[in-house]
DNA sequence: TCCGGTATATTCGGTGCCGAGTATTTGGGA
DNA sequence: TCCCAAATACTCGGCACCGAATATACCGGA
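Residue numbers (our numbering), protein chains in the order written: chain P, 25 to 219; chain R, 25 to 219.
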């Protein structure tokens with residue numbers, strides 16, 4: 025069976041190994057240093073599972089088992105040609121084709137009518153605040169990276185996320201206002217249902 | 025151990041049962057009719073797992089095992105008081121607290137520098153088109169629901185998604201333009217790396 | 001030199017999720 | 001009335017994912 029592009033952690037592994045050979049723990053370290061785990065979920069269990077799977081499909085190979093100092097043996101992996109091809113092709117697919125995703129918030133907001141309007145307004149305002157804080161934090165981080173001399177291309181995903189956060193906040197502001205004024209379509213029966 | 029709010033499908037089950045008792049298969053049907061599966065991932069295996077889990081935590085109860093006609097026995101469930109409380113509380117949490125999520129596109133775009141600029145531009149343009157089509161499709165659906173007399177509150181999640189899609193398209197347009205012109209920060213070394 | 005906290009590196013059992021598979025019933029066309 | 005496709009209703013084995021637990025090595029202070 026051919027390799028399944030499920031866990032993006034596998035993509036990160038391929039990308040890291042295309043720089044230089046590494047052992048799994050080092051991959052994790054590197055991902056942490058570069059704030060990559062902000063974008064791609066990392067945890068040890070999955071990391072080792074994913075590495076084994078990549079190896080089985082010959083996208084990476086165990087290039088050596090070092091034993092530096094008296095440390096426990098560790099397996100160093102390197103990317104194969106097939107692995108590089110897979111990396112590029114997967115990357116193209118991820119960017120070109122919007123994936124069907126299920127953001128938790130959509131699930132929540134779709135059922136907001138089940139809450140009394142007062143409660144709904146309160147929680148939407150809470151989210152508005154929280155998203156505002158995320159925007160500030162992200163702006164700070166970007167400023168910091170910029171100061172460190174990193175080019176925009178190195179934090180392009182943060183730029184994208186910023187755009188999305190701003191859009192979400194605008195929408196929340198609109199919805200909160202419409203709820204407060206009672207101008208959201210269907211408000212009357214909503215309000216009536218909850219007395 | 026207390027109930028874990030992992031699978032939003034459990035939320036949908038609680039919401040459906042708060043209308044009237046149902047058996048699992050009927051829940052699935054209803055979700056389909058209402059386009060709820062657009063927002064909450066539905067599949068049979070998970071549905072039955074989730075129902076069993078809700079029952080174990082006494083958030084729903086098997087209220088009857090009908091045997092209408094000669095159909096196979098089916099178990100009808102009803103929500104308990106604890107279940108209603110859980111529904112409302114979970115809902116409040118989902119809306120108020122932004123969840124940490126990992127959109128596939130962020131993973132992809134964060135590594136876009138690994139592709140040659142030409143390829144990158146091509147795939148970004150492909151996505152731009154695809155997102156544009158999603159926007160048109162969604163606008164059509166909304167118009168249709170509006171014509172059917174459904175109030176805005178009944179399709180509020182589509183309104184939200186529309187805002188997000190538009191924001192994404194704007195960002196893609198900006199990035200494509202900046203790449204074409206070579207004005208994205210770090211373009212020169214990007215271009216140089218790939219010759 | 002002894003002790004303990006931190007860093008290194010991986011394993012492993014449990015769990016939730018998935019979707020293809022099974023079994024029965026209904027409806028409708030020939 | 002016979003047959004088959006579609007609808008109804010649920011089951012089950014497999015597998016990816018998770019994160020806590022394990023085991024060893026290093027380093028600094030008392």
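Backbone N, C-alpha and C fix where the C-beta goes; we use that ideal spot for every residue, glycine too. Please read these numbers as outputs of a predicted model, since none were measured by experiment.
Using the C-alpha atoms, what's the distance from residue j back to residue i?
i: residue 136(P); j: residue 158(P); result: 23 Å
i: residue 203(R); j: residue 27(R); result: 48 Å
i: residue 131(P); j: residue 118(P); result: 24 Å
i: residue 40(P); j: residue 190(P); result: 31 Å
i: residue 187(P); j: residue 87(R); result: 48 Å
i: residue 180(R); j: residue 104(P); result: 48 Å
i: residue 211(P); j: residue 57(R); result: 23 Å
i: residue 51(P); j: residue 32(P); result: 14 Å
i: residue 81(P); j: residue 207(P); result: 56 Å
Could you say which of the options lies nearest to residue i if we only look at CA atoms?
i: residue 184(P); options: 35(P), 63(P), 48(P); result: 63(P)
i: residue 35(R); options: 172(R), 74(R), 219(R); result: 74(R)
i: residue 201(R); options: 148(R), 59(R), 120(R); result: 148(R)
i: residue 108(P); options: 189(P), 124(P), 85(P); result: 85(P)
i: residue 216(R); options: 193(R), 82(R), 140(R), 155(R); result: 140(R)
i: residue 30(R); options: 77(R), 205(R), 161(R); result: 77(R)
i: residue 209(R); options: 170(P), 205(P), 209(P); result: 170(P)
i: residue 219(P); options: 143(P), 180(P), 161(P); result: 143(P)
i: residue 176(P); options: 82(R), 42(R), 214(R), 120(R); result: 214(R)
i: residue 112(R); options: 126(P), 138(P), 102(P); result: 138(P)
Could you tell me whether any Cβ in chain R is nearer than 8 Å to the Cβ of residue i?
i: residue 45(P); result: no
i: residue 178(P); result: yes
i: residue 34(P); result: no
i: residue 137(P); result: yes
i: residue 94(P); result: Unreliable positioning characterises residue 94(P) in this predicted model, as indicated by a pLDDT of 39, which lies under 50. The coordinate reading is nonetheless provided below. False, the Cβ-Cβ gap to chain R never drops below 8 Å.
i: residue 191(P); result: yes
i: residue 39(P); result: yes
Taking CB distances under 8 Å as the criterion, tell me whether residue i reaches chain P.
i: residue 27(R); result: no
i: residue 101(R); result: no
i: residue 185(R); result: yes
i: residue 133(R); result: yes
i: residue 112(R); result: yes
i: residue 188(R); result: yes
i: residue 88(R); result: no
i: residue 181(R); result: yes
On the premise that residue j lies in contact with residue i, defined as a C-beta separation below 8 Å, what is that separation, rounded to the nearest angstrom?
i: residue 47(P); j: residue 116(P); result: About 28 Å; that fails the 8 Å criterion.
i: residue 167(P); j: residue 197(P); result: Actually they do not touch by this definition, with Cβ atoms about 24 Å apart.
Exercise. Going along the region 116-131 of chain R in order, which residues come within less than 9 Å of chain P, judged by CB to CB distance?
Worked result: 116, 117, 118, 119, 120, 121, 122, 123, 124, 125, 126, 127, 128, 129, 130, 131
For this session: Select from the region 45-79 of chain R all residues with a C-beta closer than 9 Å to any C-beta belonging to chain P, and list them in chain order.
Result: 60, 62, 63, 64, 65
Problem set entry | Interface positions of the region 141-164 of chain R facing chain P (Cβ-Cβ less than 7 Å), listed along the chain | Listed by position along the chain: 143, 147, 148, 150, 151, 154, 155, 158.
Exercise. Of the residues that make up the region 202-219 of chain R, which ones have a beta carbon closer than 8 Å to any beta carbon in chain P?
Worked result: Listed by position, the residues of the region 202-219 of chain R near chain P (Cβ gap below 8 Å) are 208, 209, 210, 211, 213, 214.
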